[in-house]
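Chains Z and G, in that order, give the protein sequences. Numbering-wise (my numbering), the first sequence opens with residue 35 and increments by one. Numbering-wise (my numbering), the second sequence opens with residue 35 and increments by one. As structure tokens, the structure follows; a few thoughts come after it.
There are 2 protein chains.
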Amino acid sequence: MHISAKIDYAMRALLTVANGGDDPVSADAISREQGLSIKFLESILNDLRKSGFLQSRRGANGGYVLARPADSIFVADVFRQLDGPLAEVRGLRPETAKYEGAATNLGNVWVAVRASLRNVLETITLADLLGGELPTQIKELLDTPDAWVSR
Amino acid sequence: MHISAKIDYAMRALLTVANGGDDPVSADAISREQGLSIKFLESILNDLRKSGFLQSRRGANGGYVLARPADSIFVADVFRQLDGPLAEVRGLRPETAKYEGAATNLGNVWVAVRASLRNVLETITLADLLGGELPTQIKELLDTPDAWVSR
DNA sequence: ATCATTCCTATCATTTCTATAGGGTATGTG
DNA sequence: CACATACCCTATAGAAATGATAGGAATGAT
Chain Z
35 MHISAKIDYA MRALLTVANG GDDPVSADAI SREQGLSIKF LESILNDLRK
85 SGFLQSRRGA NGGYVLARPA DSIFVADVFR QLDGPLAEVR GLRPETAKYE
135 GAATNLGNVW VAVRASLRNV LETITLADLL GGELPTQIKE LLDTPDAWVS
185 R
Chain G
35 MHISAKIDYA MRALLTVANG GDDPVSADAI SREQGLSIKF LESILNDLRK
85 SGFLQSRRGA NGGYVLARPA DSIFVADVFR QLDGPLAEVR GLRPETAKYE
135 GAATNLGNVW VAVRASLRNV LETITLADLL GGELPTQIKE LLDTPDAWVS
185 R
């Protein structure tokens with residue numbers, strides 16, 4: 035799974051905005067705090083606004099605030115709006131890919147992949163990430179030291 | 035997560051070959067059974083051979099056989115050889131991406147994503163898929179009807 | 001007015017993805 | 001030995017995605 039720069043930047047931008055509370059946070063401020071290219075960031079902020087995650091205010095002292103509470107924005111929501119479905123096979127939904135002969139059961143793998151991604155991405159909110167308290171089953175995933183090493 | 039045509043075709047090819055037992059299965063036969071473009075398939079079969087999954091035999095009655103037992107080839111192995119690491123963020127390993135300020139905890143999400151992918155892809159073998167019996171925790175993932183609908 | 005800031009459109013270089021083409025090479029069979 | 005079969009290698013290429021950059025228009029606060 036390739037997690038794109040776009041999603042990574044979008045999450046960082048959302049967290050920075052959420053961290054600012056009710057005060058608008060400007061693109062420039064986000065760009066500086068997170069070290070992101072301003073122009074690329076601008077286009078992502080625009081996507082986030084159009085997707086209903088952010089509200090913007092123009093002019094002096096303008097910037098962005100969350101359009102919804104931080105505990106109602108799940109990581110999965112951001113993925114779906116900016117990158118499309120969590121899991122696709124050759125551009126198809128996992129459950130729609132049909133297989134013949136020896137590959138009959140392969141579809142089950144792709145559906146299981148999607149289900150396991152959902153278990154992570156649909157349970158974590160912006161508020162969780164700001165507070166540093168992740169859901170129990172995520173903590174369990176991270177508690178095995180094995181989770182932190184490359185294979 | 036985009037599961038590429040390459041991985042999809044590779045899995046289907048491996049399963050078809052595995053299904054043939056000790057008899058070599060030709061690229062042409064795989065292409066016909068699975069409905070895959072012959073030339074693209076050939077290049078994938080070559081990758082699979084170089085990666086140590088397949089053994090090839092040239093000439094009449096040639097084709098491919100598994101180079102290792104079907105119960106020792108995990109889906110994750112195929113991903114890693116053909117597509118690289120299971121999860122990457124901007125081309126980096128999940129645990130190496132560092133985050134500042136409000137995004138401090140974001141890295142945990144990516145590590146959790148990888149861990150959950152491992153729970154699926156590192157537990158399913160070619161033999162499981164041929165036999166139609168998947169590991170218990172995968173069955174549990176698939177048993178909820180929810181797993182089969184799009185979001 | 002002026003300045004800060006978002007918003008819009010266009011462009012673009014690079015890489016990845018999904019192939020296709022053509023011929024070279026090895027091997028088993030008759 | 002000839003021949004058919006089938007893998008093997010290199011090169012090319014169109015399309016899409018990725019990760020930006022540029023310039024200026026619109027808006028809002030003071």
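All C-beta atoms, glycine included, are put in the ideal place defined by N, C-alpha and C.
Query                                                                                                                     : Result
Inter-stretch contact (C-beta, 8 Å, three-pair minimum) for the region 120-127 of chain Z and the region 71-90 of chain Z : no
Helix, strand or coil at T159 of chain Z [DSSP, three-state]                                                              : strand
Inside the region 37-108 of chain Z only - beta strand (DSSP E) runs reaching at least 3 residues                         : 88-91 and 97-100
For A137 of chain Z, the nearest candidate out of G:F113, G:A63, G:D56 and G:E67 (CA to CA)                               : G:E67
Short CB-CB distance (under 8 Å) between A101 of chain Z and chain G                                                      : no
Stretch-stretch touch, CB-based, cutoff 8 Å, three pairs: the region 96-116 of chain G with the region 126-146 of chain G : no
At least 3 beta-carbon pairs within less than 8 Å: the region 41-59 of chain G vs the region 104-115 of chain Z           : no
Touch test, the region 142-161 of chain G against the region 139-149 of chain Z, Cβ-Cβ under 8 Å, three pairs minimum     : yes
6 Å Cβ shell around P169 of chain G - same chain, five flanking residues per side excluded                                : T157
Cβ pair R102 of chain Z, F113 of chain Z closer than 8 Å                                                                  : no
Any chain Z beta carbon closer than 8 Å to Q115 of chain G                                                                : no
Assigned exposure category for R46 of chain G - 16 Cβ within 10 Å defines buried                                          : buried
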